[in-house]
């Protein structure tokens with residue numbers, strides 16, 4: 009068993025760095041000979057700004073959820089550390105999937121593939137988060153602070169599993185339209201950022 | 009309601025990373041054939057150094073103000089987390105607006121636009137900071153440690169709103185001269201860094 | 009003697025940043041004229057993904073071990089700070105050794121050399137970790153929380169020394185095949201990530 | 009007055025990020041056509057490795073000293089925050105001065121200049137550190153935990169001022185030989201990393 013404070017510090021560090029590295033995908037246009045139109049160049053790279061905002065909000069919501077989850081546990085066992093490490097591994101790759109989508113959103117070839125990779129990386133984070141939650145709920149080590157009865161556990165688990173659905177849809181939508189994936193991911197992030205729909209960590213409240 | 013310590017840790021992380029990523033916009037000149045003049049090349053990129061210093065001081069002042077604000081509250085509610093996330097979203101973009109200004113400060117085309125983007129990004133941070141303050145002062149959740157009466161709240165709110173003015177001026181000045189925007193942003197940062205003019209967090213002291 | 013909390017904070021910071029910088033070696037393919045095959049381009053750079061995953065897991069395991077070690081000590085003396093700094097110096101270089109292996113894994117020339125550098129950098133981390141452990145076990149300052157008798161100390165030290173062997177093998181294997189080095193490093197990381205084989209910090213439990 | 013824990017967290021963050029960004033100056037050689045000699049290419053960029061190691065150790069020593077200083081104070085006033093921010097501003101620029109020296113160390117033109125910039129940036133950090141110390145020792149706010157009499161204060165101040173000398177020499181030496189600057193900076197870092205010569209924070213011990 010491990011004290012959870014350093015787990016929080018390390019996770020906060022990785023999430024904070026990944027969220028801040030996102031900006032590296034927004035390029036500074038090279039000053040052109042003969043007074044080219046900077047306004048046009050900056051406007052042209054709007055997918056970079058859109059992808060930055062959507063990814064930033066999504067990682068921000070991941071962080072809020074991560075926080076809400078970890079504060080409910082007493083301590084961390086080795087399995088939780090490993091799930092958490094896998095979660096951070098995928099969070100760490102988000103600056104790349106974001107840069108990829110920003111680069112290919114308007115390309116005739118590649119937009120659908122990169123949108124599915126983009127949505128899929130969020131789906132993967134959500135799945136790992138679900139597994140981490142499951143381990144907290146049903147693991148042998150009873151990591152939760154409060155006692156939660158079996159009915160409540162199963163109800164929370166069911167609701168968490170439902171939480172995967174939006175990203176399944178957003179990922180699949182990429183096969184049809186990359187813009188749709190980006191719009192859906194934006195909606196999901198805004199939805200979770202709204203107070204009333206904020207993620208609820210494992211608890212026995214109904 | 010959320011314990012504020014992890015909010016501080018995450019915000020400190022993002023601000024510290026954004027401030028340190030600023031250095032990436034200062035380029036190492038490529039060694040030239042035939043012994044070109046490195047002194048000249050380094051001197052020529054003075055806008056990079058100026059933009060680095062101004063942005064570093066400004067983000068540093070943002071951090072000091074952020075700290076002064078968060079320590080006055082008891083806890084963080086969901087709305088505060090979201091305002092804080094939006095604030096960090098704009099802070100995270102400052103390395104890009106800094107690199108943009110450094111690249112275009114002396115260009116015949118683009119200098120005015122990039123100066124307005126540069127000043128505007130600071131203005132946006134200040135506006136989000138103002139909204140965060142307003143939520144702390146007037147929000148239903150009474151996030152403040154100490155009781156502050158209504159007259160004091162309104163006085164603080166008025167003063168905070170006045171704090172937006174310098175960046176409105178600095179941003180607008182960019183339409184006339186990019187150098188002026190940079191100089192004004194430098195002045196504002198130095199002014200706030202001076203002890204006597206340090207930002208005052210919500211409190212009932214007159 | 010130094011309070012260990014800031015040592016942990018600084019080490020967590022450097023390890024978290026190094027692990028998150030790994031993503032910078034995964035490139036975004038340049039959109040090609042005439043609709044080139046993005047799927048093929050992304051598939052072609054699989055060494056980048058493989059190297060990312062192996063290095064991320066390895067640094068993650070380093071972090072878990074580092075945590076397990078530091079929590080057993082009472083305080084940090086100057087020698088421990090210096091060993092820790094050297095350890096972080098090598099951890100800080102891992103994004104480069106990872107990028108190097110990813111770039112050269114399939115090259116006819118350079119693959120063996122870069123694999124040996126890659127394995128060697130992990131070996132060096134492990135050696136410095138071993139020295140740090142030795143200092144904790146046998147140093148004059150008695151940094152451990154709990155008393156451990158001499159027989160136990162020597163047993164732990166022997167086991168720690170054995171822990172160097174896998175990376176000696178992985179590094180040497182690079183002379184024969186770079187793929188083998190990468191596979192062995194993956195195996196070692198997965199092995200240490202498994203709960204039952206988790207690294208055991210100095211303790212007097214048998 | 010400000011609680012010092014967030015000052016430490018923010019400073020640790022900036023120092024940890026600056027030290028980890030150092031690795032970005034070590035380049036991955038582009039795989040050459042026709043099986044070029046990677047060993048030669050890697051050996052050829054030894055200034056990058058040397059500059060990395062020297063800067064990493066120096067920033068590490070700066071961190072150890074920073075820690076030793078901050079733990080002696082009760083709280084931070086605004087002046088200390090500003091000195092600290094300026095200190096971090098120069099620490100944040102060290103990845104650039106390091107990359108600059110690595111690039112120009114062997115160039116016929118530019119080596120001397122970049123060596124003086126390299127040494128000068130360390131000198132500037134040391135000077136700001138000295139001013140921060142002076143403020144702690146003699147400032148009106150009595151930031152120290154323990155009472156120190158005037159004789160002791162002046163003795164400590166004198167010794168701190170002497171601490172500037174090595175970097176004055178290392179910087180000036182750059183006018184003669186860039187290699188000498190690098191070697192002197194290496195010596196200074198190793199000297200301060202040795203236990204017996206570790207930096208002594210303000211205290212009344214003789």
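Chains as they are written, first to last, in the numbering used here: chain A, 9 to 214; chain C, 9 to 214; chain W, 9 to 214; chain U, 9 to 214.
Heads up, the beta-carbon is just placed ideally off N, CA and C, and yes, glycines get one too.
Sort the options by Cα distance to residue i and report the nearest one.
i: residue 128(W); options: 98(W), 160(W), 26(W) and 145(W); result: 98(W)
i: residue 122(U); options: 26(U), 184(U), 147(U) and 141(U); result: 184(U)
i: residue 182(A); options: 135(A), 133(A) and 120(A); result: 120(A)
i: residue 105(A); options: 77(W), 154(W) and 50(W); result: 50(W)
i: residue 52(W); options: 36(W), 27(W) and 89(W); result: 36(W)
i: residue 143(U); options: 89(U), 133(U), 126(U) and 175(U); result: 89(U)
i: residue 16(W); options: 150(W), 147(W), 93(W) and 101(W); result: 93(W)
i: residue 175(W); options: 137(W), 58(W) and 83(W); result: 137(W)
i: residue 83(W); options: 172(W), 150(W), 45(W) and 126(W); result: 150(W)
i: residue 126(A); options: 86(A), 54(A), 163(A) and 66(A); result: 66(A)
i: residue 112(C); options: 172(C), 59(C) and 100(C); result: 59(C)
i: residue 157(A); options: 145(A), 167(A) and 168(A); result: 145(A)
i: residue 26(A); options: 75(A), 168(A) and 103(A); result: 103(A)
i: residue 188(U); options: 170(U), 114(U), 154(U) and 46(U); result: 114(U)
i: residue 154(C); options: 79(C), 202(C) and 173(C); result: 79(C)
i: residue 100(U); options: 46(U), 77(U), 118(U) and 28(U); result: 28(U)
My output table needs one value for residue i: the three-state DSSP class, helix, strand or coil.
i: residue 156(W); result: coil
i: residue 11(U); result: coil
i: residue 206(U); result: Summary for residue 206(U): the model assigns pLDDT 48, below 50, so the residue's position carries little reliability, and this model does not support an answer.
i: residue 53(U); result: coil
i: residue 36(W); result: coil
i: residue 21(W); result: helix
i: residue 59(C); result: helix
i: residue 48(W); result: helix
i: residue 29(U); result: helix
i: residue 172(C); result: coil
i: residue 16(A); result: helix
i: residue 212(W); result: Only weak support exists for where residue 212(W) lies, its pLDDT of 40 falling under 50; the value from the coordinates is given anyway. In the structure shown, residue 212(W) sits in coil (DSSP, three-state: anything other than H, G, I, E or B).
If we ignore side chains and look at the alpha-carbon of each, how far apart do residue i and residue j end up?
i: residue 73(W); j: residue 200(U); result: 28 Å
i: residue 24(U); j: residue 131(A); result: 31 Å
i: residue 165(C); j: residue 141(C); result: 8 Å
i: residue 186(A); j: residue 34(A); result: 19 Å
i: residue 108(W); j: residue 91(W); result: 26 Å
i: residue 194(U); j: residue 191(W); result: 37 Å
i: residue 68(W); j: residue 19(A); result: 11 Å
i: residue 152(W); j: residue 56(U); result: 38 Å
i: residue 61(W); j: residue 180(C); result: 48 Å
i: residue 96(U); j: residue 160(U); result: 28 Å
i: residue 40(W); j: residue 133(A); result: 30 Å
i: residue 21(W); j: residue 63(W); result: 17 Å
i: residue 11(U); j: residue 71(C); result: 14 Å
i: residue 213(W); j: residue 148(U); result: Only weak support exists for where residue 213(W) lies, its pLDDT of 40 falling under 50; the value from the coordinates is given anyway. Going from the Cα of residue 213(W) to the Cα of residue 148(U) covers about 53 Å.
i: residue 124(W); j: residue 87(W); result: 29 Å
i: residue 13(C); j: residue 116(C); result: 47 Å
i: residue 135(U); j: residue 178(U); result: 14 Å
i: residue 207(U); j: residue 85(W); result: With a pLDDT of only 48 at residue 207(U), under the threshold of 50, the placement of this residue in the model should not be trusted, and no figure is reported.
i: residue 162(A); j: residue 31(A); result: 40 Å
i: residue 197(U); j: residue 168(W); result: 30 Å
i: residue 110(U); j: residue 46(C); result: 14 Å
List the residues of chain D whose Cβ lies closer than 7 Å to the Cβ of residue i, in chain order.
i: residue 68(U); result: In summary, chain D is missing from the structure at hand, where the protein chains are A, C, W and U.
Exercise. Taking the runs of the alpha helix (DSSP H) that are 4 residues or longer, which of them lie wholly in the segment 95-152 of chain C?
Worked result: 119-146
Problem set entry | Contiguous alpha helix (DSSP H) assignments of at least 4 residues, all confined to the segment 63-91 of chain W | none
For this session: Give the residues from the segment 22-54 of chain W that approach chain U closer than 7 Å (Cβ to any Cβ), ordered along the chain.
Result: 22, 25, 26 and 29
Problem set entry | Runs of alpha helix (DSSP H) wholly within the segment 174-204 of chain U (minimum 4 residues, chain order) | 186-201
Exercise. Relative to chain A, which residues along the segment 133-149 of chain C have a C-beta separation below 8 Å, given in chain order?
Worked result: none
Exercise. Taking a cut of 9 Å between CB atoms, which residues from the segment 95-110 of chain U lie near chain C?
Worked result: 96, 97, 99, 100, 101, 102, 103, 104, 107, 108 and 110
Exercise. Taking a cut of 8 Å between CB atoms, which residues from the segment 160-180 of chain U lie near chain W?
Worked result: none
Exercise. What residues in the segment 112-126 of chain A bring their beta carbon closer than 7 Å to a beta carbon of chain W?
Worked result: 112, 115, 116, 117, 118 and 121
Exercise. What residues from the segment 76-96 of chain U come within 7 Å of chain C, judged by C-beta to C-beta, listed N to C?
Worked result: 86, 87, 89, 90 and 93
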